[in-house]
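Everything below concerns the one structure shown next.
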Amino acid sequence: MRANPRNALSRRTLLSTLGTGAFAALAAGCGVPAAYVDPKDRARRDRSADDKSLTWANWPLYIDTDDEDESRRPTLEAFEERTGISVAYTEEINDNDEFFGKISPSLMNHQETGRDLVVISDWMCARFVRLGWVQEMDRSRQPNVTAHLDPQLRSPAFDPGRTHSVPWQSGITGIAYNRRRVGREIRHVSELWADDLKGRVTLLSGLDEAFALLMQGNGVDITRWTADDFHTVCDQVERLVREGRVRRFTGNDYIKDLSSGDVLACQAYSGDVIQLRADDPDIEFVVPEEGAELWSESLMIPDLARHKANAELLVDHYYDPEVAARLAAWVNYVCPVPAARDVLADAKDEETAALAENPLIFPDAVMRRRLAVARDITAKERTEFTKRWNAIAGL
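This note's numbering numbers the first residue of the sequence shown as 53 and each following residue consecutively.
The following block contains the structure:
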């Protein structure tokens, strides 16, 4: 095992070129509350015992590949060899809203999606859980998940006890800046608005990606934020935009701006900055003193999936610390399996062993005290909040 040799695109970087799906209005909360599926109607006869296969939909660049042959996925091939289960792996999820639009007609009409396992962001997972569009997992088939899931990720507000979801990878939304160009440390969200950074700061354009860190800068507990907290942030950002302090709102193109020096500081994702630092060690990632958001993209089994038991075994495979360590060495996001840290620490390759000490992959105790999982935006809130934020961000 050795560390991921990539120094170009991360998964989230790639997504910045792909745009938002045509179904964003539907995904924003318009028109699906009547589509709730009762728990007794979510399952269909499981074919797993007779059909050793499953279909898994994931994002691009989100699984390890062989250095010599990028079509090969070593950790997935290991699962197939060990279990005899064939996995049809598709990199079809380019945007949460777009994917919602692709499979929601089937789910709301109580039809099969053709997928046994999907990976979506937790704020979208919350919508699926509320609508009853995913099945509860059988933890008796998942001893690794039970033993090794990061305690900080075990019970988000949208899925208490993680009964319907299991984190695939996690990350942190914090602040990235070029320490050499700024000439000092940045440790607080408020420092983004210093006069010498005026017009050289960017914020993330997506509501779900941006709001939590800005609230934390105001001292808000994001596990139980209120509508007043949200509107206070919007008032502040509107003022900052008027004053010319925000250069623009971005997707992952903040990476290009930060690398070129056009931007000195920005909201950023931890996994991106790990890769940026490989080319420019002056770029720092900060979990502000007030805190930062810990997010996940999670594995879920849609309603009527025909290979549920097979999917549950695959999820558990990735919670084996040896497998999780290999995946973490490739994707460089926060690993949801803390026990993988010891596996990496014992690696013979020095670069790989060093990943065990990287707090952006394995947050230490000091950093963890400043991380929180934000409560999601409810269906009732989403239309109003999205409209206001998008007007500010120019979406």
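Built from N, CA and C at the ideal position, the CB exists for glycine as well.
Asked                                                                                                                           : Found
Selection from 386, 323, 248 and 219 that minimises the alpha carbon distance to residue 110                                    : 219
Straight-line gap, residue 237 to residue 338 (C-alpha atoms, nearest Å)                                                        : 9 Å
Integer Cβ distance of residue 177 from residue 211, believed to fall under 8 Å                                                 : 7 Å
C-alpha gap between residue 116 and residue 350, whole angstroms                                                                : 17 Å
Residue 349, DSSP secondary structure in three states                                                                           : strand
Integer Cβ distance of residue 393 from residue 408, believed to fall under 8 Å                                                 : 5 Å
Sub-8 Å separation of residue 322 and residue 444 beta-carbons                                                                  : no
DSSP three-state assignment for residue 385, whether helix, strand or coil                                                      : coil
Cβ neighbour criterion (16 or more within 10 Å) applied to residue 371                                                          : buried
Contact check, residue 200 vs residue 389, beta carbons under 8 Å                                                               : yes
C-beta contact flag for residue 450 and residue 213 at 8 Å                                                                      : With the chain covering 53 to 447 only, the question about residue 450 has no answer from this structure.
Of the listed residues 169, 440, 245 and 252, nearest to residue 314 (C-alpha basis)                                            : 252
C-beta atoms of residue 402 and residue 194 nearer than 8 Å                                                                     : no
Member of 439, 414 and 292 whose CA lies at the smallest distance from the CA of residue 377                                    : 414
Contact set for residue 276: own chain, Cβ-Cβ below 7 Å, skip 5 residues either direction                                       : 427
Simplified DSSP state of residue 301, which is helix, strand or coil                                                            : strand
Close-in-space but distant-in-sequence residues of the same chain around residue 103 (CB under 7 Å, 5 per side omitted)         : 359
Residue 123 (DSSP reduced to helix, strand or coil)                                                                             : coil
Top-ranked residue by Cα proximity to residue 227, from 106, 391, 420 and 310                                                   : 310
Supposed contact pair residue 286 and residue 440 - C-beta distance, whole angstroms, cut 8 Å                                   : 6 Å
Outcome for residue 346 when other beta-carbon atoms lying within 10 angstroms are tallied against a minimum of 16              : buried
CB contact flag (residue 262, residue 255, <8 Å)                                                                                : yes
Cut-off 8 Å between Cβ atoms - residues of its own chain near residue 328, not counting five sequence neighbours on either side : 228, 307, 310, 311 and 335
Entirely enclosed beta strand (DSSP E) segments - the region 100–176, minimum 3 residues                                        : 105–109, 138–142 and 169–173
DSSP state of residue 91 mapped onto helix, strand, coil                                                                        : helix
Backbone secondary structure at residue 229 - three-state DSSP                                                                  : strand
Beta-carbon separation (whole angstroms), residue 175 vs residue 429, contact threshold 8 Å                                     : 7 Å
Nearest-angstrom beta carbon gap, residue 422 and residue 344 [assumed within contact, 8 Å]                                     : 6 Å
C-beta contact flag for residue 173 and residue 385 at 8 Å                                                                      : no
Where the alpha helix (DSSP H) through residue 404 begins and ends                                                              : 402–407
Alpha helix (DSSP H) runs contained entirely in the region 284–331, provided each spans 4 or more residues                      : 306–312 and 322–331
Coil, strand or helix - residue 184 by DSSP                                                                                     : coil
Residue 107 beta carbon less than 8 Å from that of residue 166                                                                  : yes
Distance CB(residue 138)-CB(residue 105) smaller than 8 Å                                                                       : yes
Buried or exposed (CB count within 10 angstroms, at least 16 for buried), residue 302                                           : buried
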